[in-house]
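What follows is one structure encoded as structure tokens, with my remarks underneath.
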Amino acid sequence: MARKFFVGGNFKMNGTVASIKEIVKNLNDAQLDPNAEVVIAPPALYLPLVRESLRKDVEVAAQNVYNKPNGAFTGEISVSQLLDSGATWTILGHSERRTILGETDEVVAAKTKFATENGLGVIWCCGESLDEREQGITVDVVSKQLAALKAQVSDWTRIVIAYEPIWAIGTGKVATNQQAQEVHAAIRAWLRKEVSETVADETRILYGGSVNEKNCRDLAKETDIDGFLVGGASLKPAFVDIINSTQ
Ligand code: G3P
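Numbering (the numbering used here), first residue to last: 712 to 958.
Here it is in structure tokens:
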């Protein structure tokens with residue numbers, strides 16, 4: 712089965728009502744590849760604004776979600792609240808949440824399980840630090856993150872994997888096509904061995920880390936790169952070129 716090209720825009724903690732309205736207008740006016748699945752993730756505060764004003768063929772994601780039903784969890788947002796606001800996806804396990812907010816592999820896996828079982832798609836992120844890459848343990852690190860996910864998740868149909876080497880995030884230092892392809896192929900091989908042929912063949916594996924309108928076309932040609940999770944460039948008009956990178 713051909714995997715549908717997937718492009719996510721992670722706005723992180725950026726934007727104002729005015730700037731987000733401008734991004735939405737730009738996407739609404741653009742010609743987007745009808746063969747690409749596009750999802751944007753504004754800060755939670757702006758989800759209803761984005762969902763109400765954005766074209767319907769682009770989906771909306773949160774950047775995080777809690778793994779409990781509504782209740783006494785001050786500061787958190789639930790899966791049902793996201794669905795109620797029209798979000799259909801969430802990002803989970805971004806390295807900024809793992810390293811700055813202290814989310815462990817197990818917490819990320821528990822959130823992924825709860826979100827997927829309750830109807831949200833999950834863009835599940837993994838990736839190594841510069842130190843880990845230099846030690847030559849990239850695939851071990853990513854395999855350990857995947858193993859923690861597998862320990863809790865049995866249905867992979869709502870999961871998209873984003874490989875984001877930490878050293879490439881926001882640094883302008885993109886992984887080479889070969890570096891990215893190697894890890895994507897290793898992730899797919901892991902899925903084939905540890906989960907199933909079908910999950911390996913059908914799961915989209917996105918690359919994230921300094922993707923821009925100049926490097927996206929070549930990266931998109933790699934066999935195991937099924938799309939991108941874009942940070943900084945998703946706030947700019949050039950995001951449209953990244954969405955259209957396989958055209
Ligand atoms: O989730 C996207 C991301 O971390 C990459 O950010 O700014 O390097 O594209 P950026």
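For each residue, glycine too, the CB sits at the ideal point set by N, CA and C. Keep in mind the model is a prediction, meaning the values are calculated, not measured.
- From the listed residues D929, R809 and V833, the smallest Cα separation to E770 is found for V833.
- Around the Cβ of S789, a 10 Å sphere holds 16 or more other Cβ atoms; the residue is buried.
- With a cutoff of 9 Å on beta-carbon distance, A931 and F939 are scored as near each other.
- Three or more Cβ pairs closer than 8 Å define a contact, and the segment 770 to 781 falls short of that threshold against the segment 729 to 746.
- Not one heavy atom of the ligand G3P falls within 8 Å of the beta-carbon of K947.
- Excluding its 5 nearest sequence neighbours in each direction, D952 has C-beta neighbours in its own chain below 6 Å: E924, listed in chain order.
- Counting along the chain, no alpha helix (DSSP H) covers W800; the unbroken beta strand (DSSP E) around it starts and ends at W800 to L803.
- In the three-state reduction of the DSSP assignment, E814 falls in the coil class, being assigned neither a helical nor a strand state.
- According to DSSP, G832 shares a beta bridge with W800.
- For A858, the enclosing alpha helix (DSSP H) covers residues T849 to K861.
- Below 8 Å, too few C-beta pairs join the segment 802 to 814 and the segment 843 to 850 to call them touching: fewer than three.
- Taking 8 Å as the cut-off, one finds at least one heavy atom of the ligand G3P near enough to the beta carbon of E875.
- Not one heavy atom of the ligand G3P is found less than 8 Å from the C-beta of G804.
- Going by beta carbons, K723 and P754 fall inside the 9 Å limit.
- In this structure, DSSP gives N721 an extended state, which the three-state scheme calls strand.
- Annotated three-state conformation of A820 is helix, per DSSP.
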